[in-house]
Structures are given as C-alpha cells and as structure tokens.
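Student:
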Amino acid sequence: MKDTLLPVAHVFAMVIMVFAVIMLAPLVLAIWGLDPALWAFVVSAFATFVIGALLWLGTRRFKRELKTRDGLMLVALTWVALPAVAGFPLWSYLPIHFTDAYFEATSGLTTTGGTVLSGLELLPRSINLWRHLLSWIGGMGIIVLAVAILPLLGVGGMQIYRAEMPGPMKDSKLTPRIGQTAKLLWAVYAGLTVCCILSLKLVGMQWFDAVCAGFSALSLGGFSNYDANIGHFDSVPIELVLTAFEVLAALNFATHYLAWSQRGVRAYFRDSEAKAILAALIVSCLGIAGFLLLKGTYPDFPTALRYATFNVISIATTSGLHTQDYALWPTFAPMWMIFLSCIIASSGSTGGGIKMIRTLILAKQANRELNQLVHPNLVRPLKVGGSVIANRVVFAVLAFVFLYFMSVTTLIFVQLASGLDFITALSAIIACINNAGPGLGAVGPGSNYGVLNDFQTWVCSAAMLLGRLEVFTILVLFTPTLWRK
Amino acid sequence: MKIIILGAGQVGRTAAYHLSREEANDVTVIDSNEEILRDLQDRLDIRTVTGNAASPRVLESAGIGNTDILVALTNSDEVNMLACQIAWTLYRTPKKIARVRSADYTSRDRLFGESGVAVDVWISPEQLVTEYVARLIRYPGALQVLDFADGRVRLVGIRARQGGPLVGEELRTLRVHIPNIDARVAAIYRAGKTIKPEGTTVIADGDEVFFLAASKDIRAVMREMRREEAPVRRVVIAGGGNIGFRLASELEAKNQVKLIERDPRRARRISEQLKSTTVLQGDAADEELLLEENIDSADVFAALTNSEEANILSAMLAKRLGAHKVMALINKPSYAELIESGSIDIAISPQTVTIGSLLAHVRHGDVVRVHSLRRGAAEALEVVVHGDADNSRVIGRRIEDITLPEGTTLGAVVRGEDVIIAHHDITVQPDDHLILFLTDRRHLEAVEKLFQGSASFL
Numbered sequence: 002m003k004d005t006l007l008p009v010a011h012v013f014a015m016v017i018m019v020f021a022v023i024m025l026a027p028l029v030l031a032i033w034g035l036d037p038a039l040w041a042f043v044v045s046a047f048a049t050f051v052i053g054a055l056l057w058l059g060t061r062r063f064k065r066e067l068k069t070r071d072g073l074m075l076v077a078l079t080w081v082a083l084p085a086v087a088g089f090p091l092w093s094y095l096p097i098h099f100t101d102a103y104f105e106a107t108s109g110l111t112t113t114g115g116t117v118l119s120g121l122e123l124l125p126r127s128i129n130l131w132r133h134l135l136s137w138i139g140g141m142g143i144i145v146l147a148v149a150i151l152p153l154l155g156v157g158g159m160q161i162y163r164a165e166m167p168g169p170m171k172d173s174k175l176t177p178r179i180g181q182t183a184k185l186l187w188a189v190y191a192g193l194t195v196c197c198i199l200s201l202k203l204v205g206m207q208w209f210d211a212v213c214a215g216f217s218a219l220s221l222g223g224f225s226n227y228d229a230n231i232g233h234f235d236s237v238p239i240e241l242v243l244t245a246f247e248v249l250a251a252l253n254f255a256t257h258y259l260a261w262s263q264r265g266v267r268a269y270f271r272d273s274e275a276k277a278i279l280a281a282l283i284v285s286c287l288g289i290a291g292f293l294l295l296k297g298t299y300p301d302f303p304t305a306l307r308y309a310t311f312n313v314i315s316i317a318t319t320s321g322l323h324t325q326d327y328a329l330w331p332t333f334a335p336m337w338m339i340f341l342s343c344i345i346a347s348s349g350s351t352g353g354g355i356k357m358i359r360t361l362i363l364a365k366q367a368n369r370e371l372n373q374l375v376h377p378n379l380v381r382p383l384k385v386g387g388s389v390i391a392n393r394v395v396f397a398v399l400a401f402v403f404l405y406f407m408s409v410t411t412l413i414f415v416q417l418a419s420g421l422d423f424i425t426a427l428s429a430i431i432a433c434i435n436n437a438g439p440g441l442g443a444v445g446p447g448s449n450y451g452v453l454n455d456f457q458t459w460v461c462s463a464a465m466l467l468g469r470l471e472v473f474t475i476l477v478l479f480t481p482t483l484w485r486k
Numbered sequence: 293m294k295i296i297i298l299g300a301g302q303v304g305r306t307a308a309y310h311l312s313r314e315e316a317n318d319v320t321v322i323d324s325n326e327e328i329l330r331d332l333q334d335r336l337d338i339r340t341v342t343g344n345a346a347s348p349r350v351l352e353s354a355g356i357g358n359t360d361i362l363v364a365l366t367n368s369d370e371v372n373m374l375a376c377q378i379a380w381t382l383y384r385t386p387k388k389i390a391r392v393r394s395a396d397y398t399s400r401d402r403l404f405g406e407s408g409v410a411v412d413v414w415i416s417p418e419q420l421v422t423e424y425v426a427r428l429i430r431y432p433g434a435l436q437v438l439d440f441a442d443g444r445v446r447l448v449g450i451r452a453r454q455g456g457p458l459v460g461e462e463l464r465t466l467r468v469h470i471p472n473i474d475a476r477v478a479a480i481y482r483a484g485k486t487i488k489p490e491g492t493t494v495i496a497d498g499d500e501v502f503f504l505a506a507s508k509d510i511r512a513v514m515r516e517m518r519r520e521e522a523p524v525r526r527v528v529i530a531g532g533g534n535i536g537f538r539l540a541s542e543l544e545a546k547n548q549v550k551l552i553e554r555d556p557r558r559a560r561r562i563s564e565q566l567k568s569t570t571v572l573q574g575d576a577a578d579e580e581l582l583l584e585e586n587i588d589s590a591d592v593f594a595a596l597t598n599s600e601e602a603n604i605l606s607a608m609l610a611k612r613l614g615a616h617k618v619m620a621l622i623n624k625p626s627y628a629e630l631i632e633s634g635s636i637d638i639a640i641s642p643q644t645v646t647i648g649s650l651l652a653h654v655r656h657g658d659v660v661r662v663h664s665l666r667r668g669a670a671e672a673l674e675v676v677v678h679g680d681a682d683n684s685r686v687i688g689r690r691i692e693d694i695t696l697p698e699g700t701t702l703g704a705v706v707r708g709e710d711v712i713i714a715h716h717d718i719t720v721q722p723d724d725h726l727i728l729f730l731t732d733r734r735h736l737e738a739v740e741k742l743f744q745g746s747a748s749f750l
C-alpha cells in the first residue's frame, strides 16, 4: 500500500502544483475586475500550491519510475482527488457545502455540465471563468495535459494516456513520442477553441460570454454563465456556431489533426466513426423536428428544426448546452436524446458515453453471430472502416459495455433506494455517467442538481467519474490484485 | 532524429530500447507480430506499426516520408535490402542501415552503394559477435576487447588479479614498470562502482580496469594487471550455427578447434566447409561426450547456440568438467548479470556488441564508432573533430584545458596513422580522432555538444 501509493502521490503532487498555477487565471480576472471572489482565489491558489508542495516534499523519498499499475493509480487518484482541490474556490466563496463544491468541480472536470448552482449570472466573473476553465481542462484530459507539459511522465506514459483517453483502441499514436502526441492533441483542441470563441464574438456575443460558451462547446461540458443556458441569447447564429463546434468536438481529435496536416477533409471520410456520427445526428434532428411538429410542440417546421437541432446535438454529443426545457417535450424526444448521448461521441473526442466505435463493433459482432447461425462454417473477420478488429478488442468492448450497464443499473437502484423518483434517478445517472449534463424530471434543464440531497449528489459525482474514465480505470482500484505486492 | 526500425527481434528490440532512450530520437518500430509490438510499446516510448516491413504502404503509415534513418533488422537479408531500396527509390530516405548476414552478399563490394542496392551501411551481428569472441580468445584474460580507428587502438576490459605487477600500486607507476609503452586507464570499476582513475589511484585485486593502448602494446599492459595466461590453443565450440561456424573457420588455422553441433545435417554441412576443425555431432550438454573429447584440457569452451539456457548449462558443465575458461552467448541482460558472478567466465551479449555500430549513426557530430559497455550504462566513442581553433571548443587546445563532462575521460588521439595516448599537454588538431570513455552515458549530450560546438557557427 505504502509502496504503491506514495510514488504515485509524488507525481500527483506535481499535478496539484500545476493546478495552483492554473488558478492564477481566474485570480488575474478577479484582480482586473475587482470582483469579490478575489480573496477566495488568493487563498485557494496559495493553499493548493502549499498542499502540492508539502505532498511533493513529503513523498520525495519514494520517487521512482512509474509502472503500469502506478499509471492507473495516478489517473484514478488525480480524477478522484483533484475535484476536491478544484472545488476549493467555490466552497470558500459560495455558501455551499463541500459536497456541492465537489460535485460542481467534478461536473466541470468530467465535462458533464450539470450544476448545483443557480443565479449563475449573478456570480462573480472569476467564479464563472473557473467553472468553465475546469471543463475545458478536463475536456482533453488532465493527465494528457500533464504528459504534454511535464517531461517526467514520458516513460510509462502510454499506460497513463490509455487510462484517460476514451475509446477501445488506444495504441495508435500520432507521433512516436507520447509527449508530442499529447502536445499535438492539446494544440488542435486549443486551436479549435480559439476559432470557436472568435466565431461566437463575430456573431455578436460579449467576449466573456464567448469564452465561457467556447470552453463549454469544445470540451462538451455544458456549463453556462446564465441560468437559462444558451437560451439566454435566443440567437440563431450563436446556436449554429455552437452546434458546429460541438459536432467537431464529438469527433476524434486525431482525425482533426490528420485532416489539418493533410489540408483536406479526406481524413473524415476515412473515419468510419465520424460518418456514423454525422448520419445518426442528421437523421435524429430531422426526425425529432418532425415529431415535435406533429405533436404540436412548435407551430412550424423551421422553429421545430431550430430547437430540435441545437438541443438534440447538444445532448447527443454529451455537451448539455440547451436553449429549451426539452424535458417538457413529449417523452419520446428527450428519451431519444438521452439514448443518443450513450452512443454518439467518438473515441478520442471530448465526449462521454459508450462511444460510437464500440457501438459499431458490437453491431458488427451481432451481425457476425447472426451470419454464423446461417453459415456455421463461416469465416468472417470483424471489420470497421476496412480494418480488421482483433477479437481481443471485441472482448474488451463486451466487457466494457457490461460494466457500463451494470454501473448504470446499480447506481439507478441506489438513487431509487435513496428516495428519488424513477425518471429523475434514471435520467440523472445516465446524464452523469455519459457526462451529458442535465437530466429529466427534478434535474431537468429547467431545474438543476441542487435539489438532490447530499447522498444523492455523491452518487452522481461517482457516476460522472466512472463515465469519464470509462469505468475500468475506477473499478480497477477495487480489484485486490492491484494492491497486492 | 526520426528513426524507423524494421523487425522487432532481439536486435531490433535492443536497438529500439537504446535509441528511444535518447531524448532526441523519435522511434517507430515495424513488425508483423502484433503481440510483440504491443508489449514493446508498453515498455518504451515509441510508436509501432504492424505489417510487412518491405511494404510501401506500411512504411508510409510509419511516416517514412520524413524519416532520417531506416534501420532494417528483420531476420531476412532480402527483406532488409529490399526495404532499404524502396525507402531510397520512393522516399529518398537519407540513411539506410541494413542487417545483412550472408557473406554471399557482404563479400561483394559493388553490390551496395551508388549503383547497387541502396544500403548505406550494412551490419552483420553474427560477424560482429564472431570478431568479438575471436578477439577475446586472442587476448586471454581480457573481459572485453574493442577496436577503434580500424583496430589501431583497442579498449580492453580486464579484471586485475594479485600477481600483476601493477596491482596494489599507484597508477602513475605504470610508466616506470613499462617505460617504452604508453597506455591510459580510462575507467576502474570496483564492486560495481566507478572510481575515477588518477595518478594516485591504487589498483586492487578484483578491480575491473578499462585501458586504451595501441594494439601492439596491449599484451604488455595486460601483463601488468594480472599474470599472463598462456595463449589459447585448444578451443571447443558448442553450436554450429552462424556464429559458431564463422568462429571455427576464423580460428582453425591457428588453433585446435572442436565444434559440437546437435543437428546431424547441419554438422555434415559445416564439416564439408571447414578445413581442420573437428566437427562432432551431439549434445553440448552431454557429459560423456565432453569428457571423451578431453574437455578438461580445453583452454576455451564457447557455448554459442541459439538457446541461451542451453549455453548457460553447457558452459557451467564444461567449467565443472575442467575447461580452463568458459564463455556463453546470452541475450537477456539479467541472465548475463546473474552468471558472470558465478562459474561462467565471460557472458557475451550479442546486442551490446551490435548496438554500438548502430548508435554511431545517430550521434550528433562526426562519431565513427560507439561501443556500448556495461549493459548500456557506459559508452566508449570515437569522435572526429572538425573545424579550426575559432569555431571549435576543442581544436587548438591542450587536453588539460578542455573541460570534459563528469565521468568522461579522453583516452587517446589518433592522428593519421599515429596513435597518441592522451596526456595533458597534447594539443588537439583538426581531423584528429578522439577516443572517449563515458562512465555514465547520461552525460552523453554534454559530450556531443562539446564536439559539435562548431556546427552553430557554420
């Protein structure tokens, strides 16, 4: 236990110190705007740095090269413990409990976007910036960031990277060096974010609102600095820009890099995930728009299409931005959106859920089984996008999907037992584990997670972490073999 | 540098390990075995690509377009040569190194180069290992004998033993003991730790001493460190594979060589090609066979089969049956460490022998030869200095004025045909070959910088 945890804590200490530096961003904003949260950030940044430094000094003796299990441990530890640190400014400034501060920070870092706060427009700008910044950093991944900027994670970095990057096949690197790959991914991510912010400014948003919305869109977070979320702006151009960038963020960033380095869109046509995602989104938007028109929710097709497009794509890509209280739409529509949030996002994107590649693999595997029944001697490899998927990957995907559904079911039962109603429990857990954001019922877009009691809030926090780290990384902490010598 | 390695066999994996360990290198390994690659990628910070090494499509997906060096190390000579040719014809890869085993190819000079197959450098691990073992046999008592400047200077590793005149004395007395001979002690290892060799350092029994000397002087210096051993006459080789066969043909003129090969057909084939070697068909770990062939009077028993476990066992057995000195070919570094402290005298690691010839090509500056030592922890380099006194940090300076990084010794200077053992008052001139010994290869970058100094001014 001591030998396993302390060397990892040594590296984690460095991540904490990096985090203290990141806290300077809202701090500077607070100084500049003379806002009341200034002291909260001064104290938090200082305390965070001191905690990090003490931990670093205290564990210096145990410094060694990280092994596979250390990598897993580091990622899990970082994601479980960092929200406590990240929630510090919220906790020290706002009149909320630690539980809620942890939830809010987790929701940010995991890019879920569900909030326990209300009266968002009244919060100091520095607090709002911090919430969105958490989302943005969590989007591409804390550890991927650490791998990019801290050279010490070079060796053994692949395991760490694998534990955090979403998707079943993580062996392909853009460059031979893991550090460079991480840098490239962050560069693409940051570049797209800047493009998004500039576009939002261009279509009429204030700088601060554009930064917040841009961070939310690219990280597929879903936080907003308004209670009414994007509905506050009530602007078609803004919605279009955000929709476009959400779709980009839900695609594989490696594909973006390839497309950029080849100066063409061919990479997207070769990415079978991207094609499936776009097809599913277009069909769903048109279908739901038609459905809403049919049910008379909206008077005409253009209006229905506008609201359907933005909200469906937002929830499906697990962003969670919204313009309408879609929970009030006829049940089919929100249920379909929640279903999409489970499968739409691509591997290597900032989205959550099962991921499109796993869906494709399972669908093809099911098809293979069916064909096998008809032709018992059939030999057919499982191919996605022309390349053969090894059986090992198929098994891993099956195991993942099983664990994912078992986690969802178990947590829903826990929430039901704690007294939540069925629709709220179901939607809250699915929205949290997919890192989508708002659920339905009591936690719908018209309300927020503030209505849950402490226990229920912790369960939701756990669901978000499980979803962000794709279940395995968290569950492996509970396997006795990890802790044995 | 961007490097692509073809083949993840023993040599390929070692190359990937050594090359990726240097911060400046981006390494991609191509192999057809996905399992090996996955395992390799878990341990090293490299990229792997699964597929046929000589296929343009696979090479492209490994990024051959902007690769600086292609190292073809698959176990097929033909694949290696073809891959180099493809890399040159289609992608103009600047440097192509291929492993070519068959002497059938390597003995024809015109085959490679400008108008032939586009291989810039060929290496034959078997040949390198054979030469290495042959040198060890030529200098009995040496742990390692490494060539520099085409064999004019040699670096010798030797274990000092009571009985050598220098043992128990200060190093500076070496010049008194052998006045006409110049040598330079580059490093001393005592109980696994390095000791900086200075004039007042006293050599103790059991020290591992590395010294540099002109080839003709080596025996004289070795005599200082331990009682001279009689020249080797009777050699028994276990294993008639590539290395065993080559070694036998190299030694058979001057020594009495016996070669034990298990496979009857192979035994027959090599017996047809060898002249005076006694080829025996049988198991090298068969006690009766060894006794029958008078193993107790053998000066050297060299176990060179493909299986390292068999090598270890047969070498241990030979030692127990009375062979004077036993050597075993061992791939795993961990095994080598285990047995060198035990009953086997010398563990020969083919990768360490081979890797040096690859490393020379990735170094910055004009490095002509690299020998990896002590399982990669130390390194000996031969560097050519270019430029003039204005743009180089070493040319025109006396050796005492050059600040070398920690743990680095400048052992010898080769100027044209002359070998000059490095003394403090020697001035470095352009185009000198300097021979350096690094006890800690972590200072490698600093050394490279020192000799590369001129590049930034050009």
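Residue numbers (the numbering used here), protein chains in the order written: chain A, 2 to 486; chain B, 293 to 750.
Don't be surprised by glycine CBs; every beta carbon is placed ideally from N, CA and C.
Any idea which residues DSSP pairs glycine 456 of chain B with across the strands?
Tutor: As a first step, residue 456 of chain B is located in the second sequence; it is residue number 164 there, counting from the start. According to DSSP, glycine 456 of chain B bridges with B:Gln454.
Student: Out of A:Asn312, A:Val395, A:Val19 and A:Leu421, which one is the CA nearest neighbour of leucine 151 of chain A?
Tutor: Sequence index remark: in the first sequence, residue 151 of chain A carries index 150 (1-based). For the residues A:Asn312, A:Val395, A:Val19 and A:Leu421, the minimum Cα distance to leucine 151 of chain A belongs to A:Val19.
Student: Check each candidate in B:Asp331, B:Ser394, B:Ala441 and B:Val437 and name the one with the smallest Cα separation from glycine 708 of chain B.
Tutor: Counted from its first residue, the second sequence places residue 708 of chain B at position 416. For glycine 708 of chain B, the nearest C-alpha among the options comes from B:Ala441.
Student: What is the rounded straight-line gap between the Cα of isoleucine 1 of chain A and the Cα of proline 8 of chain A?
Tutor: Residue 1 of chain A lies beyond the stretch modelled for chain A, which goes from 2 to 486, so this question has no answer here.
Student: When the Cα of glycine 451 of chain A is compared with those of A:Ser119, A:Ala106 and A:Leu73, which residue comes out closest?
Tutor: Residue mapping note: residue 451 of chain A aligns to position 450 of the first sequence, counting from 1. Selected option, being the one with the closest Cα: A:Ser119.
Student: Using a Cβ-Cβ cut-off of 7 Å, state whether aspartate 337 of chain B counts as contacting chain A.
Tutor: As a position in the second sequence, residue 337 of chain B is number 45, starting the count at 1. True, the Cβ-Cβ gap to chain A drops below 7 Å.
Student: Which of the three DSSP states, helix, strand or coil, is assigned to threonine 458 of chain A?
Tutor: Here residue 458 of chain A is taken as the residue at index 457 of the first sequence, counted from 1. In the structure shown, threonine 458 of chain A sits in a helix (DSSP, three-state: H, G or I).
Student: Classify glutamate 674 of chain B as buried or exposed, calling it buried when 16 or more other Cβ atoms lie within 10 Å of its own Cβ.
Tutor: Working through the second sequence from its first residue, we reach residue 674 of chain B at position 382. By the 10 Å Cβ count, glutamate 674 of chain B comes out buried.
Student: Looking at the strands, I want to know which residues DSSP matches up with methionine 255 of chain B.
Tutor: Residue 255 of chain B cannot be examined here, being either before or after the span of chain B that is shown, 293 to 750.
Student: According to a CB-to-CB cut-off of less than 9 Å, which residues of the stretch 176–200 of chain A neighbour chain B?
Tutor: Listed in sequence order: Thr176, Pro177, Arg178, Ile179, Gly180, Gln181 and Thr182.
Student: DSSP on phenylalanine 99 of chain A, reduced to helix/strand/coil?
Tutor: In the first sequence, residue 99 of chain A corresponds to position 98, counting from 1. Three-state DSSP puts phenylalanine 99 of chain A in a helix.
Student: May I ask you to list, following chain order, the residues of the stretch 715–742 of chain B that have a beta carbon less than 7 Å from some beta carbon of chain A?
Tutor: Result list empty, no residue passes.
Student: Check this for me: beta carbons of leucine 441 of chain A and proline 335 of chain A, under 7 Å apart or not?
Tutor: Reading the first sequence from its first residue, position 440 is the one you call residue 441 of chain A. Reading the first sequence from its first residue, position 334 is the one you call residue 335 of chain A. Yes, the pair counts as a contact, with Cβ atoms nearer than the cut-off.
Student: Quick one: does lysine 356 of chain A have its CB under 7 Å from some CB of chain B?
Tutor: Working through the first sequence from its first residue, we reach residue 356 of chain A at position 355. For lysine 356 of chain A, the answer is no, since every Cβ of chain B falls outside 7 Å of its Cβ.
Student: Determine the DSSP secondary structure at glycine 205 of chain A, reduced to helix, strand or coil.
Tutor: In the first sequence, the residue the question calls residue 205 of chain A occupies position 204. It is coil, neither helix nor strand.
Student: In chain A, which residues lie with their C-beta within 9 Å of the C-beta of aspartate 270 of chain B?
Tutor: Chain B is shown only over 293 to 750; residue 270 of chain B falls outside these bounds and no answer can be derived.
Student: Which class does lysine 276 of chain A belong to by DSSP, given the choice of helix, strand or coil?
Tutor: As a first step, residue 276 of chain A must be located in the first sequence, where it is residue number 275. Of the three classes helix, strand and coil, the one that applies to lysine 276 of chain A here is helix, per DSSP.
Student: Three or more beta-carbon pairs under 8 Å between the stretch 532–541 of chain B and the stretch 558–574 of chain B, yes or no?
Tutor: Counting Cβ pairs under 8 Å, three or more are found: they touch.
Student: Assign isoleucine 283 of chain A to buried or exposed, taking buried as 16 or more other Cβ atoms, counted over all protein chains shown, within 10 Å of its Cβ.
Tutor: Start at 1 with the first residue of the first sequence, and residue 283 of chain A comes out as number 282. With fewer than 16 other Cβ atoms within 10 Å, it is exposed.
Student: Please report how far the alpha carbon of leucine 702 of chain B lies from the alpha carbon of valine 654 of chain B, in whole angstroms.
Tutor: Locating residue 702 of chain B in the second sequence gives position 410, where the first residue counts as 1. Locating residue 654 of chain B in the second sequence gives position 362, where the first residue counts as 1. Going from the Cα of leucine 702 of chain B to the Cα of valine 654 of chain B covers about 21 Å.
Student: Compute the beta-carbon to beta-carbon distance between isoleucine 638 of chain B and leucine 613 of chain B, rounded to the nearest angstrom, for a pair I have assumed lies under 8 Å.
Tutor: Along the second sequence, read from residue 1 onward, the residue named residue 638 of chain B stands at position 346. Along the second sequence, read from residue 1 onward, the residue named residue 613 of chain B stands at position 321. Wrong, their Cβ atoms sit about 18 Å apart, outside the cutoff.
Student: Can you find the residues in the same chain that come closer than 8 Å, C-beta to C-beta, to leucine 193 of chain A, ignoring five residues on each side of it along the sequence?
Tutor: Reading the first sequence from its first residue, position 192 is the one you call residue 193 of chain A. Leu219, Phe246, Leu249, Ala250 and His257.
Student: Given a cut-off of 7 Å on the beta-carbon distance, is the pair aspartate 436 of chain A and threonine 112 of chain A in contact?
Tutor: The residue labelled residue 436 of chain A in the question sits at position 435 within the first sequence. The residue labelled residue 112 of chain A in the question sits at position 111 within the first sequence. With the sequence shown as reference, residue 436 of chain A is identified as asparagine, and aspartate is not the correct amino acid for it. In contact: asparagine 436 of chain A and threonine 112 of chain A (Cβ atoms closer than 7 Å).
Student: Where do the ends of the alpha helix (DSSP H) carrying histidine 310 of chain B lie?
Tutor: Numbered from its first residue, the second sequence carries residue 310 of chain B at position 18. Counting along the chain, the alpha helix (DSSP H) containing histidine 310 of chain B begins and ends at 302–312.
Student: Whole alpha helix (DSSP H) runs in the stretch 322–365 of chain B with 4 or more residues, listed along the chain?
Tutor: Listed in chain order, they are 326–335 and 348–353.
Student: Between which residues of its own chain and valine 398 of chain A is the CB-CB distance below 7 Å, once the five residues before and five after are set aside?
Tutor: Locating residue 398 of chain A in the first sequence gives position 397, where the first residue counts as 1. Only Pro169, Arg359, Ile362 and Leu363 meet the Cβ criterion.
Student: Examine chain B for any beta-carbon lying closer than 7 Å to the beta-carbon of phenylalanine 42 of chain A, and answer yes or no.
Tutor: Position 41 of the first sequence, counting from 1, holds the residue named residue 42 of chain A. No, because no Cβ of chain B sits closer than 7 Å to the Cβ of phenylalanine 42 of chain A.
Student: Going by beta-carbon coordinates alone, are arginine 515 of chain B and glycine 455 of chain B separated by less than 7 Å?
Tutor: Your numbering for residue 515 of chain B matches position 223 in the second sequence. Your numbering for residue 455 of chain B matches position 163 in the second sequence. Not in contact: arginine 515 of chain B and glycine 455 of chain B (Cβ atoms no closer than 7 Å).
Student: So what's isoleucine 138 of chain A in DSSP terms, helix, strand or just coil?
Tutor: Within the first sequence, the letter at position 137 stands for residue 138 of chain A. Three-state DSSP puts isoleucine 138 of chain A in a helix.
Student: Beta carbon of isoleucine 344 of chain A, beta carbon of threonine 244 of chain A: below 7 Å?
Tutor: What you label residue 344 of chain A is simply residue 343 of the first sequence in a count that begins at 1. What you label residue 244 of chain A is simply residue 243 of the first sequence in a count that begins at 1. No; because the gap between Cβ atoms is not below 7 Å, this pair is not in contact.
Student: On the three-state DSSP scale, how would you describe tyrosine 405 of chain A?
Tutor: As a working mapping, residue 405 of chain A is identified with position 404 in the first sequence. DSSP places tyrosine 405 of chain A in helix when its eight states are reduced to three.
Student: Hey, out of A:Lys64, A:Asp101, A:Leu35 and A:Gly140, whose CA is closest to tryptophan 80 of chain A's CA?
Tutor: The residue labelled residue 80 of chain A in the question sits at position 79 within the first sequence. For tryptophan 80 of chain A, the nearest C-alpha among the options comes from A:Gly140.
Student: Just reading off the beta strand (DSSP E) that glutamate 553 of chain B is part of, what are its end residues?
Tutor: Here residue 553 of chain B corresponds to residue number 261 of the second sequence, with the count starting at 1. 548–553 is the extent of the beta strand (DSSP E) around glutamate 553 of chain B.
Student: Touch check for the stretch 614–623 of chain B and the stretch 590–603 of chain B: three-plus C-beta pairs under 8 Å?
Tutor: Output reads yes: the stretch 590–603 of chain B touches the stretch 614–623 of chain B.
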